[in-house]
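Student:
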Ligand SMILES: NC(=O)c1ccc[n+]([C@@H]2O[C@H](COP(=O)([O-])OP(=O)(O)OC[C@H]3O[C@@H](n4cnc5c(N)ncnc54)[C@H](O)[C@@H]3O)[C@@H](O)[C@H]2O)c1
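Residue numbers (the numbering used here): 427 to 792.
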């Protein structure tokens, strides 16, 4: 395909969609030409603010317009699959916000559409491109910690349940889950990325909704509903006896502010990234033996923008399209994360460890 200019559209221009617009406007090989958004005042505001020529209330009209080659999907989780499949069926490459879908079954339909139409389907995992995570990744890849046998990955909030009781985030049918599918999917992605995509063998999960239940009732009255977890945790067994502990919360009694934290225990060294309020500059420590004594290295991590990663992920999306070989970019990475989350939620419901092979057998009907 070469480096021809790709014309980009964005479906859903809330907070996430706006990051995609910024990303396309910053890249040399993309032009941001159209948006589709049902909320008229938001649509007009964003079109004016970003200087976007074409606007649509209905994404189907944008997909049929012939104006765009690539599209980003920044809609709520329940509205990822339909526009993605429609775009892929129209021959348009898709960059969809995380999580890929609310469930494995839904995500599989999206991946099948990418395969059927020979198009790129990519999930926006922007957090793995934070500058501090990049530094940890480089240290791991250069052998700085040896083999990682255990990792911890977590994103914890003291008090950050998104929206009110009517918000799509807290309605299970619309979101597919709470902080595990919202924040946990980033931390699962980050850990698997840092560990070099190990095979996941089984998961044991637990979810809680005590604070969420109480908060919605205090704020919105006794009849208010809270349908997802406010805290989720999982113990993930990886091939070769390696393990991963995952945690995500929208509300927990702990230190204020968002904590994003990855810990890697390796056989010749360790690494930790811990950041509050997203600042990457002082967040990384490496632990090694140096000069015959236990030593700590504090890398000078470069600063990035407030929301690092969207531009980097969009640039890779464009690179994959321009490579002309889409075979490794069909959304399967995102589907694997959705599959693992499905298993964690099932484990939490059933109170037992779930081998991924069990779900695979069910899916293949054997
Ligand atoms: N990667 C990240 O850092 C990040 C951060 C926040 C949210 N997200 C993800 O982005 C998605 C959206 O989250 P948000 O916080 O921006 O939500 P939001 O509610 O602020 O915005 C969603 C927008 O989509 C629009 N919309 C809904 N249905 C639509 C449809 N059928 N066609 C076109 N537009 C439609 C809504 O009107 C709204 O403007 C979610 O999947 C969320 O998980 C990702």
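C-beta: ideal position from N, C-alpha, C; glycine also.
Predicted, not measured: the structure shown is a model, and the values here were computed from it.
(1) For a test of your reading of the model: does the CB of residue 478 fall under 8 angstroms from any non-hydrogen atom of ligand 1? Yes or no.
(2) Please determine, among 630, 690, 594, 645, the residue with the shortest C-alpha to C-alpha distance to residue 776.
(3) If you measure from the beta carbon of residue 729 to each beta carbon in chain B, is any gap under 9 angstroms?
(4) Does DSSP classify residue 687 as helix, strand or coil?
(5) What whole-angstrom Cβ distance do residue 677 and residue 641 have, given they're in contact under 8 angstroms?
(6) Just how far apart, CA to CA, sit residue 787 and residue 781?
(7) Kindly indicate which three-state DSSP category residue 449 falls into: helix, strand or coil?
(8) Report yes if the CB atom of residue 480 is closer than 9 angstroms to the CB atom of residue 496, and no otherwise.
(9) Which complete alpha helix (DSSP H) runs does the region 600–662 hold, if anything under 4 residues is left out?
(10) Could you compute how far the alpha carbon of residue 679 sits from the alpha carbon of residue 720?
(11) Buried or exposed, going by whether 16 or more other CB atoms sit within 10 Å of the CB of residue 664?
(12) I need the DSSP call for residue 778, collapsed to helix, strand or coil.
(13) In whole angstroms, what separates the C-alpha of residue 427 from that of residue 445?
(14) Use the C-beta contact count for residue 431: other C-beta atoms within 10 angstroms, 16 or more gives buried, fewer gives exposed.
(15) Residues in its own chain within less than 6 angstroms of residue 505 by CB, not counting five upstream and five downstream?
(16) How is residue 417 classed by DSSP in three states: helix, strand or coil?
(17) Taking all protein chains shown into account, do 16 or more other C-beta atoms lie within 10 angstroms of the C-beta of residue 638, making it buried, or fewer, making it exposed?
(18) With a threshold of 16 other CB atoms inside 10 Å of the CB of residue 622, please say whether the residue is buried or exposed.
(19) Rank 500, 528, 529, 539 by C-alpha distance to the C-alpha of residue 517 and give the top, closest one.
(20) Which residues mark the beginning and the end of the alpha helix (DSSP H) in which residue 720 is found?
(21) If you draw a straight line from the C-alpha of residue 659 to the C-alpha of residue 784, how long is it?
(22) Is DSSP giving residue 765 helix, strand or coil here?
(23) What's the C-alpha gap between residue 549 and residue 588?
(24) Once you ignore the five residues that flank residue 433 on each side, which residues in its own chain have a CB closer than 7 angstroms to its CB?
(25) Hey, could you find the ends of the alpha helix (DSSP H) residue 495 is sitting in?
(26) Can you name the start and end residues of the alpha helix (DSSP H) that residue 739 belongs to?
(27) Less than 8 angstroms between the CB atoms is what I'm expecting for residue 606 and residue 562, so what's the real figure, rounded?
Tutor: For this structure:
(1) no
(2) 630
(3) The chain inventory of the structure shown lacks chain B, comprising one protein chain alone.
(4) strand
(5) 7 angstroms
(6) 10 angstroms
(7) helix
(8) no
(9) 611–620, 636–646
(10) 33 angstroms
(11) buried
(12) coil
(13) For residue 427, the pLDDT reaches just 49, beneath the cut-off of 50, and the residue's location in the model is therefore unreliable, although a value from the coordinates is still provided. Answer to the nearest angstrom: the Cα atoms are 25 angstroms apart.
(14) exposed
(15) none
(16) Because residue 417 is not part of the residues shown, which for the chain are 427 to 792, the question remains open.
(17) buried
(18) exposed
(19) 539
(20) Unbroken run through residue 720 is the beta strand (DSSP E), 719–723; no alpha helix (DSSP H).
(21) 20 angstroms
(22) helix
(23) 21 angstroms
(24) 457, 459, 493, 494, 495
(25) Per DSSP, residue 495 belongs to no alpha helix (DSSP H) and is neither H nor E.
(26) 736–749
(27) Not really, about 22 angstroms apart at Cβ, beyond 8 angstroms.
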